[in-house]
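Novice: Mind having a look at this structure? Questions to follow.
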Amino acid sequence: FRGNQAALGEVIALRHMFWSFSNAMAHNPIPWASGAVLPNLEAALSYRTFMSEAYPRVIDTVRRVIASGLIYLPSSARDFDNPEIDRYLAQYVRGSNDMGHIERIKIMKLLWDATGTEFGGRHALYELNYAGAPEEVRLQVLKGAERGGRLKQMEELVDQCMADYD
897 FRGNQAALGE
907 VIALRHMFWS
917 FSNAMAHNPI
927 PWASGAVLPN
937 LEAALSYRTF
947 MSEAYPRVID
957 TVRRVIASGL
967 IYLPSSARDF
977 DNPEIDRYLA
987 QYVRGSNDMG
997 HIERIKIMKL
1007 LWDATGTEFG
1017 GRHALYELNY
1027 AGAPEEVRLQ
1037 VLKGAERGGR
1047 LKQMEELVDQ
1057 CMADYD
């Protein structure tokens, strides 16, 4: 149980990280032509770099934590209207902490749609590839740091730290 809570904490932390990237893009923009602005490039490139890793990680977490809960779902909501089937669902598919079977099944269906269906698979593939080949995305981060002077600042910090050893 503690491990599941820790896994949920990690998923929430990933959400916070990407929300922070979005906030940085919107609230710390780069001035552009004629008073217009562009989203913060460092935040945008970081988002593109890590989303292709984070989304599969979230899917894996859902699959590990929920486990067989994604497998034994009723075929449709009409099963709730059949008293004989609904009785078994209420007995065997109920949730923890007094969560009823219908609410739990709805949550499992949502998780299944997001992670296991054709739609979920296409979305995972999209997240992996929409920004380009993963190696190219990382090279764009390096090139952006070089062009924007950030890499030079990092090298200067390393030089300063190294000089402290003299």
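For what it's worth, my numbering labels the leading residue of the sequence shown as 897, then goes sequentially. Yeah, the Cβ is synthetic: ideal placement off N, Cα and C, and Gly gets one too. As the structure is a computational prediction, the values presented were derived from the model and not from experiment.
1) Would Asn936 be called buried (16 or more neighbouring beta carbons within 10 Å of its own) or exposed?
2) Given that a residue counts as buried once 16 or more other Cβ atoms are within 10 Å of its Cβ, and exposed if not, what is Thr1013?
3) On the three-state DSSP scale, how would you describe Leu934?
4) With 16 as the cutoff for other CB atoms within 10 Å, does Val1054 come out buried or exposed?
5) Look at Tyr951 and Leu904 and say whether their C-beta atoms are less than 9 Å apart.
6) Quick one: Cα of Gly839 to Cα of Ala939, how far?
7) When you compare the CB positions of Ile1001 and Pro1030, do they come within less than 9 Å of one another, or not?
8) Would you report the Cα separation of Val907 and Arg898, rounded to the nearest angstrom?
9) In this structure, what does DSSP give as the bridge partners for Pro927?
10) Pull up the distance between the alpha-carbon of Ile998 and that of Asp975, whole angstroms please.
11) Distance, Cα to Cα, Trp915 vs Leu941?
Specialist: Reading off the structure:
1) Position 40 of the sequence shown, counted from the start, is the residue given in the question as residue 936. Buried: at least 16 other Cβ atoms inside 10 Å.
2) Against the sequence shown, residue 1013 aligns to sequence position 117. By the neighbour-count rule (16 or more Cβ atoms within 10 Å), Thr1013 is not buried but exposed.
3) As a working note, residue 934 is residue 38 in the sequence shown. Three-state result, Leu934: strand.
4) By one-based count along the sequence shown, residue 1054 stands at place 158. Exposed, since its Cβ has fewer than 16 Cβ neighbours within 10 Å.
5) Counting from one through the sequence shown, the residue named residue 951 turns up at place 55. Counting from one through the sequence shown, the residue named residue 904 turns up at place 8. Cβ distance not < 9 Å, so Tyr951 and Leu904 don't count as in contact.
6) Missing from the structure shown is residue 839; the chain here goes from 897 to 1062 and no further.
7) Along the sequence shown, read from residue 1 onward, the residue named residue 1001 stands at position 105. Along the sequence shown, read from residue 1 onward, the residue named residue 1030 stands at position 134. Inclusion of Ile1001 and Pro1030 in the CB contact set at 9 Å is not warranted, their separation being larger than that value.
8) Translated into the one-based positions of the sequence shown, residue 907 becomes position 11. Translated into the one-based positions of the sequence shown, residue 898 becomes position 2. Approximately 14 Å, taken between the alpha carbons.
9) Counting from one through the sequence shown, the residue named residue 927 turns up at place 31. Beta-bridge analysis with DSSP links Pro927 to Val933.
10) Looking up residue 998 in the sequence shown gives position 102. Looking up residue 975 in the sequence shown gives position 79. Going by the C-alpha atoms only, they are around 10 Å apart.
11) Working through the sequence shown from its first residue, we reach residue 915 at position 19. Working through the sequence shown from its first residue, we reach residue 941 at position 45. When rounded, the distance between both Cα atoms is 14 Å.
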